[in-house]
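Numbering follows full-length UniProt numbering, in which position 267 of the sequence shown is assigned residue number 267; successive positions increment by one, without gaps. Have a look at the structure below, then the notes.
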Amino acid sequence: MLYHLETKEYINLELTLFSGQIFSFKKTDCSSYTGVFNNEIITFHQRDKEVYYDYSRNIQKELEYFFTLDISYIPLLLNWRETCNFYKLEYNGLRLLRCDLLECIFTFICSSNNTVKRITQMVSYLFSKGKYLGTINDQKFYAFPTLDKLNDVDDLINNKFGYRAEYVCKTAEKLINYSNDYKILRNKCLEKDFLVSLHGIGNKVSDCIKLMALEQFNIVPIDTHIYKAMKLIFNDNRKLSKSNYKEFQERFYSKFGDCCGIAQLYIFKEYLDKNILKKHQI
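Structure, rendered in structure tokens:
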């Protein structure tokens, strides 16, 4: 059935669903985007500034949570704009997502030293190990697999996962005892240093998971793009290293506050857009 997502907050579906937070949604029409939500197919439709969705039932509350609609971004961005001269920080419908924890863990293991195209292909292959849910406009959709399905290193290597194949399988093996109870899994992942004890997860990947799946909005994952953006903001040309990673995070938090993870999302997007424009300028 088709439902209207009721919200005063504008959501730009394309900007949000293809912003590097989640890699399992596919564009299935000119303004429609299909993925899996709570093990069922969901299709979002953008109609001007309104969002509608096809789903088996009304899930208004769940989608408010998913799109962080409990947080009003405009006052945050207006406040940040006063203290940050390098970025416009204008509200454009980009939303931070609260992603599924298991999907997020394995997505960001795949993201290590990788391109968006390859990450998307890898995540799609992982989903293909799960239960088939249906086909929308010739594109097949599957539920994210149970972790016992992620145990074949050779199969993943044959599907171009490279060294990440071993990371996926070893992490699945370590998490399998917690995966049947979301609260237990979440509490385990919130334990200090647990995430970085998993194969293929360092500080940056751990921070991505904390921000996008564990609601730690005061966390800033720092990759090369955010680091370059930070150099402008703080006028600091030091190279990013393990020893100063935490220091840069603390400075970002001091400037942008408890929702600095949202600020990071906007600065990341604006920084990439500026650099794409530069590359195309003659």
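Beta carbons: idealized from backbone N, C-alpha and C, even for Gly.
Could you round the C-beta distance between residue i and residue j to whole angstroms and report it? I think they count as a contact, below 8 Å.
i: residue 249; j: residue 220; result: 5 Å
i: residue 104; j: residue 123; result: Contact doesn't hold; Cβ gap of about 10 Å is too wide.
i: residue 178; j: residue 188; result: 5 Å
i: residue 203; j: residue 245; result: 6 Å
Excluding five sequence neighbours on each side, which residues of the same chain lie with their C-beta closer than 8 Å to the C-beta of residue i?
i: residue 253; result: 218, 220 and 260
i: residue 279; result: Legend: pLDDT at residue 279 = 47, less than 50; position of this residue unreliable, value from coordinates given subsequently. No residues qualify anywhere along the chain.
i: residue 36; result: 24, 42, 127, 133, 141, 142, 143 and 144
i: residue 176; result: 147 and 148
Classify residue i as buried or exposed, calling it buried when 16 or more other Cβ atoms lie within 10 Å of its own Cβ.
i: residue 45; result: buried
i: residue 73; result: buried
i: residue 273; result: exposed
i: residue 207; result: buried
i: residue 9; result: buried
i: residue 264; result: buried
i: residue 94; result: buried
i: residue 100; result: buried
Can you name, in chain order, every residue of its own chain whose Cβ lies under 7 Å from the Cβ of residue i, other than the five neighbours on each side?
i: residue 65; result: 98
i: residue 165; result: 153, 156 and 157
i: residue 183; result: none
i: residue 13; result: 33, 44, 46 and 51
i: residue 108; result: 205, 208 and 209
i: residue 131; result: 142 and 143
i: residue 251; result: 234
Between which residues of its own chain and residue i is the CB-CB distance below 6 Å, once the five residues before and five after are set aside?
i: residue 199; result: 167, 170 and 171
i: residue 136; result: 28 and 34
i: residue 21; result: 97 and 212
Identify every run of the alpha helix (DSSP H) within the stretch 87-147, keeping only runs that are complete inside it and at least 4 residues long; order them along the chain.
Runs found: 101-110 and 116-127.
Entirely enclosed alpha helix (DSSP H) segments - the stretch 177-265, minimum 4 residues
Secondary structure within the stretch 177-265: the alpha helix (DSSP H) runs of 4 or more consecutive residues, fully enclosed, are 182-190, 203-213, 224-234 and 245-256 (chain order).
Quick one: complete alpha helix (DSSP H) runs, 4+ long, within the stretch 41-90?
Within the stretch 41-90, the complete alpha helix (DSSP H) runs of at least 4 residues are 60-66 and 73-83.
Is the stretch 14-32 touching the stretch 75-85 in the sense that three or more CB pairs, one from each, lie closer than 8 Å?
No, because fewer than three Cβ pairs between the stretch 75-85 and the stretch 14-32 fall closer than 8 Å, the two stretches do not touch.
Sufficient close CB pairs (3 or more, under 8 Å) joining the stretch 55-63 to the stretch 226-242
The answer is no - the stretch 226-242 does not touch the stretch 55-63, with fewer than three Cβ pairs under 8 Å.
Going residue by residue through the stretch 3-34, where are the continuous alpha helix (DSSP H) segments of at least 4 residues, counting only ones entirely within it?
Those alpha helix (DSSP H) runs which fall completely within the stretch 3-34 and span 4+ residues are 13-17.
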